[in-house]
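2 protein chains.
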Amino acid sequence: MNIRTPSRAGGRAARRAMRTAPNFNMLPGLTRGIPLCEVMDGAQVERIDAASMYILENVGVQFRDPIALQDWKRVGAKVVGELVYLDRDLVRDLIATIPSDFTYHARDPNKNVRLGGKHSIFVPMTGAPFLRDLDDVRRNPTLDDLAMFHKLSHMMPALHSSAHHIVEPYDHPISQRHLRITYSSMKHSDKTFMGMTTSPKNAEDVMDMCAILFGEQFLEDHPVTTGNCNGNSPLVWDETMLGAMRAFCRRNQPVLCSPFVLGGANTPASVPATVAQLNAEALSALAYTQVIRKGAPAIYGHYLSTVSMKSGAPMAGTPEISLMNFMIGQMARYYDVPWRTSNTLGGAKTFDAQAGYESATTLQAVIHAGANYIWHSAGWNEAGMHCSVAKFVVDAEQCAMAYRMAEGPKWHDFDQAIAAVSDVGPGGHYLGHPHTQDNFQEAFFMPELFDNNSIEQWTAEGEVEITERALSRAKTLLAEYEEPRLDEAKNEALLDYIARREREIPAADELNQSY
Amino acid sequence: MNIRTPSRAGGRAARRAMRTAPNFNMLPGLTRGIPLCEVMDGAQVERIDAASMYILENVGVQFRDPIALQDWKRVGAKVVGELVYLDRDLVRDLIATIPSDFTYHARDPNKNVRLGGKHSIFVPMTGAPFLRDLDDVRRNPTLDDLAMFHKLSHMMPALHSSAHHIVEPYDHPISQRHLRITYSSMKHSDKTFMGMTTSPKNAEDVMDMCAILFGEQFLEDHPVTTGNCNGNSPLVWDETMLGAMRAFCRRNQPVLCSPFVLGGANTPASVPATVAQLNAEALSALAYTQVIRKGAPAIYGHYLSTVSMKSGAPMAGTPEISLMNFMIGQMARYYDVPWRTSNTLGGAKTFDAQAGYESATTLQAVIHAGANYIWHSAGWNEAGMHCSVAKFVVDAEQCAMAYRMAEGPKWHDFDQAIAAVSDVGPGGHYLGHPHTQDNFQEAFFMPELFDNNSIEQWTAEGEVEITERALSRAKTLLAEYEEPRLDEAKNEALLDYIARREREIPAADELNQSY
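First to last, the protein sequences are chains A and B. Just so you know, the first sequence maps onto residues 81 to 595 in this note's numbering. Just so you know, the second sequence maps onto residues 81 to 595 in this note's numbering.
What follows is the structure, given as structure tokens:
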């Protein structure tokens, strides 16, 4: 990829040399330099807030979990059966202790990233039950396939995380799978990673493995992983998610509080009302994180789609998804908490133009919306049913391009560049000018996976479309992969832990999918 | 397409009936309801302005045209050979008389559109020397192919214009082609259209034909067509473009003053400095329109790409193109003139995922940038070398989606939708709720050309990718096309004019391409 930390020393020759070497250095976490797209005025933000608080106070939220119900009673909420009615003052008091931003720690401290405010990261997709592999064949994934995606995540500069189960490894028993997934994330990349929340017990295992990797006390004071907890819209949180949430929050690790929105099916047929319901759902979970542990980091989340009237299937890249992203960003900032969105979603079955339109539209929306934790940033296709290797590397390059855009224009050499206009003059050309030679590559991003050759050259080279180019790129990357060395003692301890837990946990062979 | 003018009467049954009928009604000109992406603060805008004025005063602009040089001398500019040095006060005085916005008149007055400020229109691509046809075969176009694109432009709701030579009709002599192109635009659609500027004489013919269609006096008082005048960056305007500009401005018809930017090749390797040079170029032409005719409408234009270091070819969908669009929009608004941009550009050779990413990225950028005259909004691929029928209909649907986004969220039924949350309650579903049934389709856009079915259904239906779906859609549209009746006397007069001019103009057989 041709994005890198700009050199400020060494002159033209050094810069040229650097350009020719492949660069797999992670870009620092994005600090945005362009304004936010805010489609609501202050009164409209307050109208959403008021509607959400009305819902929390009068409609209630179902917590299908006895411990959560006890917890809510303990802090004075009205509980009727499984329904919890949350007073707006209680909600505001609780969420007030969520940190506005935090540093998310990686195995390599140089790859720590900040989250919240102007600070954003790109995280690859997770949860695909199928992959389209290095030959573009759609099939069930294995642990080796998962390792491949963790390696690619490690190498793509704009990805800030190796996430967790990018694809579901079907060749390992489901009940033990979370151990191998977590180990694969930790071993194949030294970037940040995510932790499995497929059950409370699994989440505890992830916490224990993080304690081995980072140290128990370090874990207590530093976010080192994130766990996703999906809500069941409308207005339901279940025992699995709440149990996993407790496992993470108790150890001070951030969860994404993510209502799962299929707009029009499990929300009203209205963009602002969908946002109000989603907001109520997210607030109820964010508030609960602070019941579990006051001051624990937490992230305002969501999975967001609108559904097809024809098939009921989730759609991607629609205008309402963009608008809702803009609005949700405003709500998260209103409550001063970091927020998560979903990037590059698509419903296409192959990596065709539909996939390109859907993904780029969503990427642009989430950048303008100012999302902090930009999840599902690479590979997602077929409504999340498969992760495509080809799309993975193209999406990751698109993230690098969006990163460049979100930084905003660079003014450092403006006066020299204007002097070049005088040098070149009317009718001249710039390619030979020293300012151009020194600055071209840092001034203009050149996508490696886009072909801009003439049709004649493209034909001569075999009429290669983007899928084939991207798969070829992925193979080259994997050939150049170098594993970031994991401390031997920690590696042994992790393997011992996994061996012990696999003896303790009975193997089961059914599938377990989570998103 | 499933965008329509919302019904406010007739109840649920009437709305349902309307939904099932195909709707080819043009969407009104877009009035944006979301904020602008402005990446410069006031001081940075003034820094661009100052650099541009420095260039105009000290580097000068070459006007390769004796009449223009005389005109500039007449208004007191310093002229040295073909170089014109424009004092900033003169420039500001001249551009002050350009209207901030104007109504662009169509043959059907219901299809008049407003341009400037919050008012924007989508115009299809023009100038392609090849097409990918209804069978996705790449070949030279004919007048029949051009008519096909004019028909599709007429039918796609989000396109506000039939433009002019969407493709170059190779089956008609080049010297007479502008007559047939203009007639095709006028006859096959009653939306706004563009006028050829391939020579001053051709531009005069277009003006005469507009006078026949709209009446001489109407033309004098109302913009009914637009002409594009490309600059040769850096800082050159040629005789062809300036002569065509005079033909349009004298008849009070707006021109697009469009520097042709290949970022890094004919501009400095700097985003802000490229914008400063482009701005100087645009200002010099905008100022000249007012030398020709004070108060004539004119549009701040540009064609914008960055070039590949590998091949020198123009690239599309890059982050710098987005940033420059944001900045150019700010400059146009600083001078209070309407502005034109280029939409959905792409360098892909086929309608693959690259084309989708490039087009969607650019579409999102120009919407956030607030462009008024959004040209090249449908069909562009292969760096403009071909217009793709498949991409044309998909792009046009994408414009309808972007239109919906740019309108912003709709709050009219917010209270009823929140009441539905109370009705449905935790764990319920909305599809059967009356509010959903009444509002679903107006709340959520459903793209017709995206497939969101399951893989099983998609496979059962023959694994049809977007190109094939789009071509099938185009064939259906063309089968349903109804020609908007042209007044018989006007039609006769136009045909007489063409016959006379074709007797007067010697036929030539070389190619003539313009963008």
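Beta carbons are placed, not taken as given, at the ideal position from N, Cα and C, and that holds for glycine.
In chain order, what residues of the same chain lie with their CB nearer than 6 Å to the CB of Gly381(A), ignoring the 5 residues before and after it? Closer than 6 Å at the Cβ level, and outside the excluded window around Gly381(A), lie Leu336, Cys337, Ser338 and Arg420.
Select from the region 348–361 of chain B all residues with a C-beta closer than 9 Å to any C-beta belonging to chain A, and list them in chain order. Going along the region 348–361 of chain B in chain order, one finds Pro348, Ala349, Ser350, Val351, Pro352, Ala353, Thr354, Val355, Ala356, Gln357 and Ala360 with a Cβ nearer than 9 Å to chain A.
CA nearest to the CA of Tyr263(A), picked from Arg581(A), Leu575(A), Gln357(A) and Glu582(A): Here the closest residue by C-alpha is Leu575(A).
Unbroken alpha helix (DSSP H) run spanning Gly409(B), endpoints: Gly409(B) -> alpha helix (DSSP H) spans Pro399 to Tyr414.
Name, going along the chain, the residues of the region 293–317 of chain A whose beta-carbon falls closer than 8 Å to a beta-carbon of chain B. The region 293–317 of chain A vs chain B, Cβ under 8 Å: Asn312, Pro314, Leu315 and Val316.
How many angstroms separate the CA atom of Thr320(A) from the CA atom of Val286(A)? Their Cα atoms are separated by approximately 15 Å.
Who does Trp419(A) pair with in a DSSP beta bridge? Beta-bridge pairing by DSSP links Trp419(A) to Tyr380(A).
May I ask you to report which of helix, strand or coil DSSP gives Asn491(A)? Strictly speaking, residue 491(A) in this sequence is Trp, with Asn absent from that position. Trp491(A): coil per DSSP, three-state reduction.
Indicate whether at least one CB of chain B lies closer than 8 Å to the CB of Pro399(A). The Cβ of Pro399(A) sits closer than 8 Å to at least one Cβ of chain B.
With a floor of 4 residues, list each alpha helix (DSSP H) that falls wholly inside the region 467–523 of chain A, ordered by position along the chain. Here the runs fully enclosed are 469–487, 494–504 and 514–523.
Compare the C-beta of Pro527(A) against all C-beta atoms of chain B and say whether one is closer than 8 Å. Chain B, which has a Cβ nearer than 8 Å to the Cβ of Pro527(A), makes this yes.
For Leu174(B) versus Val141(B), is the C-beta spacing smaller than 8 Å? Cβ distance not < 8 Å, so Leu174(B) and Val141(B) don't count as in contact.
Taking the alpha-carbon of Thr606(A) as reference, which of Ala470(A), Phe530(A) and Ala499(A) has the nearest alpha-carbon? No answer is possible for residue 606(A): it lies beyond the span of chain A, which begins at 81 and ends at 595.
Should Thr430(A) be labelled buried (16 or more other beta-carbon atoms within 10 Å of its own) or exposed? Buried is the call here.
Within 8 Å, strictly: CB atoms of His456(B) and Phe406(B): Not a contact, by the Cβ cut-off of 8 Å.
When the Cα of Phe494(A) is compared with those of Trp317(B), Gln357(B), Glu584(B) and Leu557(B), which residue comes out closest? With distances taken between CA atoms, Phe494(A) lies nearest to Gln357(B) out of Trp317(B), Gln357(B), Glu584(B) and Leu557(B).
What separation, rounded to the nearest whole angstrom, lies between the Cα atoms of Asp215(A) and Gln434(A)? Answer to the nearest angstrom: the Cα atoms are 20 Å apart.
In angstroms with no decimal places, state the Cα-to-Cα distance between Asn359(B) and Met411(B). Roughly 8 Å separates the two Cα atoms.
Given that His456(A) touches chain B, what residues does it touch there, using C-beta distances under 9 Å? None at all; the shortest Cβ gap to chain B is about 16 Å.
Taking the alpha carbon of Arg172(A) as the reference point, which residue from Thr441(A), Tyr414(A) and Asn282(A) has its own alpha carbon closest? Comparing alpha-carbon positions, the option among Thr441(A), Tyr414(A) and Asn282(A) lying closest to Arg172(A) turns out to be Tyr414(A).
Shorter than 8 Å from the beta carbon of Asp181(A) to some beta carbon of chain C? Considering every chain present, this structure includes no chain C. Its protein chains are A and B.
Do Ile246(A) and Ile454(A) come within 8 Å of each other at the CB atom, strictly closer than that value? No, these two residues do not count as a Cβ contact at 8 Å.
Which chain A residues sit within Cβ distance under 8 Å of Ala482(B)? Residues of chain A passing the Cβ test: Pro399.
Is the beta carbon of Ile292(B) sitting closer than 8 Å to the one on Lys570(B)? Yes. Within cutoff.
Using 8 Å for Cβ pairs, my map puts Ala268(B) next to Arg260(B). What's the rounded Cβ distance? Checking the sequence shown, residue 268(B) turns out to be His, not Ala. In this structure His268(B) is not in contact with Arg260(B), their Cβ atoms being roughly 12 Å apart against a cut-off of 8 Å.
Would you verify that the beta carbon of Val217(B) is, or is not, closer than 8 Å to some beta carbon of chain A? No, because no Cβ of chain A sits closer than 8 Å to the Cβ of Val217(B).
Alpha carbon to alpha carbon, how far is Arg218(A) from Ala550(A)? Give it in angstroms, no decimals. Ala550(A) and Arg218(A) have their C-alpha atoms spaced approximately 16 Å apart.
Between which residues of its own chain and Met465(A) is the CB-CB distance below 8 Å, once the five residues before and five after are set aside? So the qualifying residues of the chain are Ala208, Pro209 and Phe210.
Can you list, in chain order, the residues of its chain whose CB lies under 7 Å from that of Phe340(B), leaving out five sequence neighbours each side? Excluding residues within five positions, the ones whose Cβ falls inside 7 Å are Asn310, Gly311, Asn312, Ser313 and Tyr383.
Chain-ordered chain A contacts of Val474(B) [CB-CB under 9 Å]: Per Cβ cutoff of 9 Å: Ala433, Gln434 and Tyr437.
Distance check for Thr206(B) and Pro249(B), CA to CA, integer angstroms please. Going by the C-alpha atoms only, they are around 12 Å apart.
Span separating the alpha-carbon of Glu118(B) from that of Gly156(A): As the crow flies, the alpha-carbon of Glu118(B) is around 46 Å from that of Gly156(A).
Do you know how far the Cα of Ala349(B) is from the Cα of Pro489(A)? Straight across, the Cα-Cα distance linking Pro489(A) with Ala349(B) is about 12 Å.
Do Glu438(A) and Gly409(A) have their C-beta atoms within less than 8 Å of each other? No. Outside cutoff.
Compare the Cα-Cα distances from Ala523(A) to each of Val355(B), Asn138(B), Ser233(B) and Met481(B) and report the closest residue. Taking the Cα of Ala523(A) as reference, the smallest distance to any Cα among Val355(B), Asn138(B), Ser233(B) and Met481(B) is reached at Val355(B).
Please go through the region 105–189 of chain A and give each complete alpha helix (DSSP H) segment of 4 or more residues, from N-terminal end onward. Secondary structure in the region 105–189 of chain A: the alpha helix (DSSP H) runs of 4 residues or longer, each lying completely within the stretch, are 122–134, 146–154 and 168–175 in chain order.
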